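Residue numbers (the numbering used here): 1122 to 1260. Backbone N, C-alpha and C define an ideal beta-carbon position, used for all residues, glycine too. Just so we're clear, the structure is a prediction, and the values are computed from it rather than from any experiment. Quick notes on the structure that follows.
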Amino acid sequence: MLPGRDVLLAAFHGLPHDDHPILHAAGELALLHQLRAGTARSESERIDRRRAQLMRSIDRWVILAAPIPHAAADEHCETLGGLVDRLAEHSSQAFIAPAGIPESLRDDEWVRLDHLADSYERLIDDLWSGSRSLPAHMY
1122 MLPGRDVLLA
1132 AFHGLPHDDH
1142 PILHAAGELA
1152 LLHQLRAGTA
1162 RSESERIDRR
1172 RAQLMRSIDR
1182 WVILAAPIPH
1192 AAADEHCETL
1202 GGLVDRLAEH
1212 SSQAFIAPAG
1222 IPESLRDDEW
1232 VRLDHLADSY
1242 ERLIDDLWSG
1252 SRSLPAHMY
């Protein structure tokens, strides 16, 4: 099974979790987004390469573990690895907001994170039921 939203969100912050490859990748993605926030743009290439590797590893795991989707299954607009990476980014922004940022912007980030986490939950439910497929492209 794929980890649920709450376990995934906890993994972004290094909280204990089951030994699951997606949770390990999620935790590392969150750390990479934190590093990237404090890194000069010209020096972030190495971080982005590692992020792409982690996203691919999530996608490979899902391809092997999830049931084969129904022939009429709708294709999701992004891979699960891409969605987990975006969740990691927004999670990092919500938890480590710069000092002095207005509270309304901080609240907006929490709302975005909640909506993305809901999207993740719906996607994994759809993948497991076979009603949704993932795009074939990789990073």
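Within 8 Å, strictly: CB atoms of residue i and residue j
| i | j | result |
| --- | --- | --- |
| A1194 | S1252 | yes |
| L1076 | H1197 | Coverage of the chain is limited to positions 1122 through 1260, which leaves residue 1076 absent and any answer about it impossible. |
| E1230 | A1209 | no |
| R1167 | Y1241 | no |
| V1183 | L1248 | yes |
| A1238 | L1123 | no |
Through-space distance from residue j to residue i, alpha-carbon basis
| i | j | result |
| --- | --- | --- |
| R1233 | Q1174 | 25 Å |
| D1169 | G1159 | 13 Å |
| E1164 | R1157 | 9 Å |
| E1224 | H1134 | 21 Å |
| P1256 | A1187 | 14 Å |
| A1132 | L1226 | 24 Å |
| L1152 | I1189 | 32 Å |
With 16 other Cβ atoms within 10 Å as the buried cut-off, status of residue i
| i | result |
| --- | --- |
| R1162 | exposed |
| L1181 | Note that residue 1181 corresponds to Arg in the displayed sequence, not to Leu. Exposed is the call here. |
| M1176 | buried |
| H1236 | exposed |
| D1206 | buried |
| I1217 | exposed |
Integer-rounded CB distance, given that residue j should sit under 8 Å from residue i
| i | j | result |
| --- | --- | --- |
| H1141 | S1213 | Their Cβ separation, rounded to whole angstroms, is 20 Å, which puts H1141 and S1213 out of contact at 8 Å. |
Cβ contact (3+ pairs, closer than 8 Å) linking the region 1141 to 1160 and the region 1200 to 1207: yes
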